[in-house]
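K.L.:
If you use the numbering used here, the sequence shown corresponds to residues -11 to 608, in order.
For every residue, glycine included, the Cβ atom is placed at its ideal position computed from N, Cα and C.
All of these numbers come straight from a predicted model, not from anything done at the bench.
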Amino acid sequence: MDMRLHVFSMSKKNSLNNKYPLGVFPALAFVADFPPVAPKSHRRTFHVRLRNLGTTDKKSSHKIKHRKIPREHIKKQEEKFMRFKKMVSMLLAASMCVGALSGCAGSAKSGNETTAKQETAGESGTAQTQEEKVAGALKEGGDLKIAIPQFQKTFFMPQSTSTGDWFAAEPVLEQLGRSDEEGNYEPWLAEKFETDADNLTFTITLRDGVKFSDGSPCDAEAVAWNIQQYVDNGKASEVCNPKSIEVVDEKTVKITFDEWANSWDSAIGAVFILSKKAYDDNGEEWCKTHAVGTGPFIMDEFVTDNKVTYHKNPDYRIAGQPYLDTLEINMMSDVNTMMSAMLNKEVGVAMKFESDSIIKQLENAGFTSIGRKTANVADIKHIIWNSKSDKHPMGDLKVRQAIMHAIPWDDVASALSGGIGEASPLFAAPDSWAYKEGTEFYEYDVELAKSALAEAGYPDGFETKIYCKAQDNDTATAFQAILAQINIKAEVVTMDPSALAEMQKADDIDGFIANRGASKMDFTANYIRLYSTEGIKNHGIMLDPPEFEEPLFAARAAKTLDEKKEKLQEAAVALAHDYVMITPLAVIYYQSFSDPALVDTGIYDVSLEQWTPETVHWTE
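1) What residues are listed by DSSP as bridge partners for S297?
2) Just to confirm before moving on: does the CB-CB distance between A394 and A442 stay below 8 Å?
3) Going by beta carbon distance, what residues of the same chain come within less than 7 Å of V235, once the five residues before and after it are set aside?
4) Run through the stretch 466 to 534 for me and flag every whole alpha helix (DSSP H) of 4 or more residues, listed as ranges in chain order.
5) One question on the structure: do Q389 and V568 come within less than 8 Å of each other, judged by their Cβ atoms?
6) So does the stretch 242 to 253 actually touch the stretch 285 to 301, counting three or more Cβ pairs closer than 8 Å?
7) Buried or exposed, going by whether 16 or more other CB atoms sit within 10 Å of the CB of G203?
8) Determine the direct distance from the alpha carbon of T463 to that of E554, and round the result to whole angstroms.
9) Within its chain, find whatever has a CB closer than 6 Å to the CB of V198; leave out the 5 residues flanking it on each side and keep chain order.
10) Drop a sphere of 10 angstroms on the beta-carbon of G407, count the other beta-carbons inside from all chains shown, and report buried for 16 or more, exposed for fewer.
11) How is P175 classed by DSSP in three states: helix, strand or coil?
12) So, with DSSP's three-state summary, where would you put T603?
13) So what's I306 in DSSP terms, helix, strand or just coil?
14) Quick one, which of I371, Q468, T548 and A178 has its alpha-carbon nearest N250's?
15) Below 8 Å CB to CB, which residues in the same chain sit around T103 once its five sequence neighbours on both sides are set aside?
16) Evaluate W274 with the Cβ neighbour count: other Cβ atoms within 10 Å of its Cβ, from every protein chain shown; 16 or more gives buried, anything less gives exposed.
17) For P601 versus P302, is the C-beta distance shorter than 8 Å?
18) Just to confirm my understanding: we take S377, look at its own chain, exclude 5 residues before and 5 after, and list those with CB closer than 8 Å. What are they?
19) Using only CA atoms, which one of A422, D293 and K333 lies nearest to L586?
20) Pop quiz: V296 and I317 are said to be a contact at Cβ under 8 Å. What is the actual Cβ separation, rounded to whole angstroms?
21) When the Cβ atoms of the stretch 180 to 189 are set against those of the stretch 472 to 486, are three or more pairs found closer than 8 Å?
22) Can you say whether D268 is buried or exposed, counting buried as having 16 or more other CB atoms within 10 angstroms of its CB?
23) What residue range is occupied by the uninterrupted alpha helix (DSSP H) comprising V434?
24) Counting along the chain, where does the alpha helix (DSSP H) carrying R388 start and finish?
25) Need the endpoints of the alpha helix (DSSP H) that D253 sits in, please.
26) What are the boundary residues of the alpha helix (DSSP H) that T277 is part of?
27) Could you tell me which of T142, E101 and A255 sits nearest to R517, measuring between CA atoms?
28) From the DSSP output, which residues share a beta bridge with I371?
29) Among the residues of its own chain, which have a CB less than 8 Å from the CB of K300, if the five just before and after it don't count?
30) Hey, would you say K424 sits closer than 8 Å to V575, going by beta carbons?
31) Who pairs with F341 in a beta bridge, going by DSSP?
32) Would DSSP call Y423 helix, strand or coil?
33) In whole angstroms, what separates the C-alpha of Q557 from that of A422?
34) I'd like to know whether the C-beta atoms of F500 and Y455 end up nearer to each other than 8 Å.
35) Could you spell out where the beta strand (DSSP E) holding A458 opens and where it closes?
36) So for L188, helix, strand or coil by DSSP?
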């Protein structure tokens, strides 16, 4: 069955009805119906550096040298992969689920002033653009239901360890800044950001007269309190470890640091602002299931693992916005349920499809694609290893490297992404700052993998467990098949997210599946929060080699963008290639769809974690 999939791009400069083909990819009749080997023109040559972990001297490293692969060897590999394909097909038959929204974005700015450009109430009437007029008459009011492929136990409390989902938060809670397509944060709730000449002071100037929906002022005291909550709750690294947070006057907050960090604009800009009054009146537990913010909508109800409902904020600061009267976000784990809801017009937007067959059905039904192939709207399916362990096989670098040789990279990535993703040798999308051109994949060679495993002391393989959340079952099942090729018998254990988090902390785990992290150009802040010793999301099972942490923190302190990219790439290579602390399996570019009568959804214009609910509207 030879089907083909067109991937489309949208731009803010164009109507959503205009589609621009980015490329054509062989589609999968079934998730594991991929060619046994890549076409000759796409085959890669490979080498892997096996570094002596006791030294940083690169001269002591040695290589598995590139060798010309005889045709008979290729034929054997093709036969092996056909067997592998059949195994994956059986194992994946009931497991194509979708991943979760996550992450935070960032960029570097220094010694500058950034001022917001925003139409506020009383300045310009409505914010309708000429493009919108051309696209169709703007309809004031109306209702919108959105389907997202995930559940959440709490609503949103970014300052606590229970964060919730950014997407569901943004109709109510606004950030101090918003990211552009390059990952740079521009003021949003703030009026401007400034840094001093020494880059040790970050000053936030707030907008005049902004209020929370409970009537309390969104002033410097409220903003300073929100930022301080990160520090008080063990998440100081999320806001670049401030030395002090000072209320200068009603509109001004000054933050000082001990050392220059070029991610201040992204770290501080990404802070969601909650009502301090609501927190003081009701407490933290209440705020985990309720939200009071400055956003275009007011939350009516949060139903755990079900939905969030909102109504229009009549006092929103931007004149004429939001356009919608009500908004509802429905949580659905099953992609077929989401597709049916879309086809039956029960929802106006359905999020994050990976299946080519579903994508084709929605395209053929006339729904508008709102997905793009860019690092800012991507996630990476990957395995995080217990690389620090002295009681699990995965604590041995040789074992982790052996497993890397058992992965048919392009084919697995295609299977896990519905044919619209790609493989990456690094935990980075190919157009992100962390991606180092020329980084080579480990060679897919099952016999080499078995030999390396034997050298590590496991000639007959071993038994292990792959832990995952329900939405990552597809990745775990595919990886189960990968390991089976080299006699590693893996049991897939599906766990509740909170139970899995506790398991990770207890170190009683070989590794677990994750799906996060790529939705940005600048990975500095994300690497720090997820994988460094400073990171709030680092559960303590990963190594902290100097080859990773030193360039990572140097990237944060870099004075130029070129230096930052160079150091970030060094860290990326150490993380996923040299030390194999994680194994990226697929970069995922999700496809989402909207009703063609819905204009400017504001979804995926920039990144997975940011949308503009105030601009969403129907046509007459």
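P.N.:
Taking the structure as given:
1) For clarity, residue 297 is Thr in the given sequence; the question names Ser instead. Answer by DSSP bridge pairing, in chain order: E289 and E316.
2) no
3) A208, E209, A212 and V241
4) 485 to 493 and 512 to 519
5) yes
6) no
7) exposed
8) 31 Å
9) C206, T282 and R305
10) buried
11) strand
12) helix
13) coil
14) T548
15) P175, E179 and K180
16) exposed
17) no
18) G383, D495, D498 and I529
19) K333
20) 5 Å
21) no
22) exposed
23) V434 to E443
24) L385 to M392
25) W252 to G257
26) Element bounds for T277: n/a, residue is neither H nor E.
27) A255
28) I501 and T571
29) P284, F285, I286, P310, L312, D313 and T314
30) no
31) Q579
32) coil
33) 5 Å
34) yes
35) Premise fails: A458 is in no beta strand (DSSP E) and is neither H nor E.
36) coil
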